[in-house]
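Before any comments, here is the structure.
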Amino acid sequence: SSATSVSSASIQCLQREVFQERDAQSNEPMLNLRELGLSDLRSSQVDELVNRLLPCLTSVEETTAQSSQWQISHVSAQSFFENKHDLEQRRGFKTLKSRTRRLSGSDRVAESESVTPSFMKGLLLRDRGREVENLDSLIKTKNIPDAHHDVFKTGFAEGFLKAQALTQRTNDSLRRTRLVLVFLLLLGLYGLSRTPFLSVRFRTTSGLDAAVDPIHMKNVTFEHVKGVEEAKNELQEVVEFLKNPQKFTVLGGKLPKGILLIGPPGNGKTLLARAVAGEANVPFYYASGSEFDEMFVGVGASRIRNLFREAKGNAPCVIFIDELDSVGGKRIESPMHPYSRQTINQLLAEMDGFKPNEGVIIIGATNFPEALDNALVRPGRFDMQVTVPRPDIRGRIEILKWYLDKVKVDPAIDAEIIARGTVGFSGAELENLVNQAALKAAVDEKDQVTMQDLEFAKDKIIMGPERRSIEIDERNRRITAYHESGHAIVAYFTKSAMPINKATIMPRGPTLGHVSLLPESDRWSETRAQLLAQMDVSMGGRVAEELIFGTEQITTGASSDFDSATKIAKLMVTKFGMSEKLGVMTYTESERTSPDTQCAIEQEIRILLRESYERARQLLKTHAKEHKTLAEALLQYETLDFKEIQMVLEGKRLELR
44 SSATSVSSAS IQCLQREVFQ ERDAQSNEPM LNLRELGLSD LRSSQVDELV
94 NRLLPCLTSV EETTAQSSQW QISHVSAQSF FENKHDLEQR RGFKTLKSRT
144 RRLSGSDRVA ESESVTPSFM KGLLLRDRGR EVENLDSLIK TKNIPDAHHD
194 VFKTGFAEGF LKAQALTQRT NDSLRRTRLV LVFLLLLGLY GLSRTPFLSV
244 RFRTTSGLDA AVDPIHMKNV TFEHVKGVEE AKNELQEVVE FLKNPQKFTV
294 LGGKLPKGIL LIGPPGNGKT LLARAVAGEA NVPFYYASGS EFDEMFVGVG
344 ASRIRNLFRE AKGNAPCVIF IDELDSVGGK RIESPMHPYS RQTINQLLAE
394 MDGFKPNEGV IIIGATNFPE ALDNALVRPG RFDMQVTVPR PDIRGRIEIL
444 KWYLDKVKVD PAIDAEIIAR GTVGFSGAEL ENLVNQAALK AAVDEKDQVT
494 MQDLEFAKDK IIMGPERRSI EIDERNRRIT AYHESGHAIV AYFTKSAMPI
544 NKATIMPRGP TLGHVSLLPE SDRWSETRAQ LLAQMDVSMG GRVAEELIFG
594 TEQITTGASS DFDSATKIAK LMVTKFGMSE KLGVMTYTES ERTSPDTQCA
644 IEQEIRILLR ESYERARQLL KTHAKEHKTL AEALLQYETL DFKEIQMVLE
694 GKRLELR
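If you're matching positions, the sequence shown starts at 44 in our numbering and goes up one per residue.
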């Protein structure tokens, strides 16, 4: 037991010494080959480097090796007790290592700690063998026969030269690749700097290339503008200023900075602006009002600045802003859009701000002048307001002749006859009329456009395209015939109604039948009798259904008729001052009227509609025979023009078609 206790005490003492040794080692500084940049060196090279740099460490190891055998333990057994004689120990016990501690491990450690990835070693690092001083030493090392020495040297030299050439080509290729990448990077940065997000300019954005890059309108002059002679005369002054500004400035006069073109769509406002630039032979900048504002705050104001900056650099020039109401609308306080006023404020500042704006003419076009901000249309910004109305009979003749000269037409066609039958048509609608007629003639394989083709195109524009493929049962076809003949009878026998152009029960567009009315001449204003006649004609369809088929068989086909009649009655009461009870007062804003006044307005509208319905009923009862005759003729011929309707009502027979 005493031997056991002695051995236990010895083991505990040995364990304390071993733990203290481990603690001392853990406090020593750790040196890593990777941190020293020596991870690619072989173990033998590391040992040689350590021996050269740290000779004192080598001498310590040699001294330790020459000391007593009890200071060194060669561990070879399973435990310490089976290794040495009589369990004798000394403090400072260490196990002999093959090389300096913490500077290098085994031969595989350096290889595993290499920073270079294994798949790139073959490309970037060449395996280095034993260093040789010259080719002769290498030949001796390889044991090459004497007869092959020259061949070996020649092959070695050729391989070396080829490797050098390959390396040079690789370097050149990498250099070119780097240059291309640098160029692409600079190009990308330049493109980003041109985007509207960085508030530089908007040349590269979609839809605004024409707004920055000027257009030279050399092929558009006032000769291309037809039907708006007054507007052309007013804009001629602007052309004279752009051509010869000294003529006006010598007298101290100033040309208007802005010109506002007002009128319904399709009457040539854009064409007039292009003609001004073409006549003066100056750059033309075009922009649409909806192209300025986008999702980013400040983009609209930035685009306005860029547009005027470009224009001032190319003065004298013309800036045309189409649909001006979308960018120059009235400013309102809105918590949902607190930055919506920036664009129009910038436009106001550019047109008449602190900085002068010489030589730049701004032309704006809008269909809703009442929606524009008051500060925009004041003198000093848009000084002139030019109205571009629908063409009159003379203007329609000019427009029709202009477009008919571009197609092959029958010499018998008279443009004046077509113009008198297209009252209220705009210039764009007249162009479409001629184009539709040319397409119809081409489909029918005709050599030229005839009057029949023009009439077909006019009916298509007024009443809609024919739907001959639709199948309508006899009952609905009969109801439609009496419904449309009711409209025609009221229009024919009412004194102040517009003349009938054509009546048809051929389905066109969304309707099953249609009666088109066209005035004989241009109407610049309408009388109370004419408005009441329009209401009576609208009521004729429902009255005819009720008289012929009974109140239980009336249809929904009169809904659009009631809409048009109600609109006319409401305008007569609230805007035209044609109500005896409410007098000559307008009621355009219903939310500001009192409930009693609103009730009175509705009562007056009901009275007008009821009286109109009764007048139509009385007229159809009086002309019931003519009503039935016309309905039967529509069932037989489907479509009748005014002359044919007149012949039917006079009891004459029509020619078979």
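Ideal placement from N, C-alpha and C gives every residue a C-beta, glycine not left out. As the structure is a computational prediction, the values presented were derived from the model and not from experiment.
- Assignment of residue 666 by DSSP, reduced to helix, strand and coil, places it in the coil class.
- Under the DSSP assignment, residue 484 falls outside any beta strand (DSSP E), being part of the alpha helix (DSSP H) whose first and last residues are 470–486.
- In the DSSP assignment, residue 403 falls within the unbroken beta strand (DSSP E) covering 403–409.
- Taking 4 residues as the minimum length, the alpha helix (DSSP H) runs contained wholly in the region 579–652 are 602–617, in order along the chain.
- If you compare the alpha carbons of 533, 434, 387, 351 with that of residue 308, the shortest gap goes to 434.
- Within the same chain, and ignoring the five residues on either side of residue 411 in sequence, the residues whose Cβ sits closer than 6 Å to its Cβ are 368.
- Closest in C-alpha terms to residue 646, from the list 483, 617, 659, comes 617.
- Contact annotation, residue 682 with residue 549: C-beta distance approximately 6 Å; criterion of less than 8 Å satisfied.
- Counting only runs that start and end inside the region 302–336, the alpha helix (DSSP H) elements of at least 4 residues fall at 312–323.
- Here the region 525–541 makes no contact with the region 479–492; the two share fewer than three CB pairs at distances below 8 Å.
- In this structure, residue 282 places its C-beta atom within 8 Å of the C-beta atom of residue 322.
- Secondary structure of residue 368 (DSSP, three-state): helix.
- For the pair residue 580 and residue 540, the CB atoms are nearer than the 8 Å cut-off.
- Of the residues 533, 484, 455, 288, the one whose Cα lies closest to the Cα of residue 500 is 484.
- Non-local C-beta neighbours of residue 669 in its own chain, meaning closer than 7 Å and more than five positions away in sequence, comprise 532, 692, ordered along the chain.
- Taking the Cβ atoms as the reference, residue 612 lies roughly 11 Å from residue 582, outside the contact range of under 8 Å.
- Taken through DSSP and simplified to helix, strand or coil, residue 186 comes out as coil.
- Distance check between residue 554 and each of 542, 523, 562 places 523 closest, using alpha-carbon atoms only.
- Residue 594 has its alpha-carbon roughly 52 Å from the corresponding atom of residue 365.
- For residue 429, the uninterrupted beta strand (DSSP E) run begins and ends at 425–430, by DSSP.
- Burial check for residue 514: the Cβ neighbour count within 10 Å stays below 16, so the residue is exposed.
- According to the DSSP assignment, residue 292 belongs to the alpha helix (DSSP H) that extends over 289–292.
- Boundaries of the alpha helix (DSSP H) around residue 386: 385–395.
- The Cβ atoms of residue 685 and residue 543 sit closer than 8 Å to each other.
- In the DSSP assignment, residue 345 falls within the alpha helix (DSSP H) that extends over 342–356.
- At the C-beta level, residue 470 and residue 296 stay beyond 8 Å of one another.
- Taken through DSSP and simplified to helix, strand or coil, residue 673 comes out as helix.
- Collapsing the DSSP output to three states places residue 215 in a helix.
- With contacts defined by Cβ atoms closer than 8 Å, residue 525 and residue 674 form a contacting pair.
- At a Cβ-Cβ threshold of 8 Å, residue 361 and residue 316 count as neighbours.
- Between residue 574 and residue 615 a beta carbon distance of about 6 Å is seen, short of the 8 Å cut, so the two are scored as contacting.
- Only buried fits residue 445, as 16 or more other CB atoms lie within 10 angstroms of its CB.
- By the beta-carbon neighbour count (other beta carbons within 10 angstroms, threshold 16), residue 347 is buried.
- Residue nearest to residue 596 within the set 206, 537, 420, 586 is 586 (criterion: CA-CA distance).
- For residue 557, the enclosing beta strand (DSSP E) starts and ends at 557–560.
- If you check the CB distance, residue 427 and residue 589 do not come in under 8 Å.
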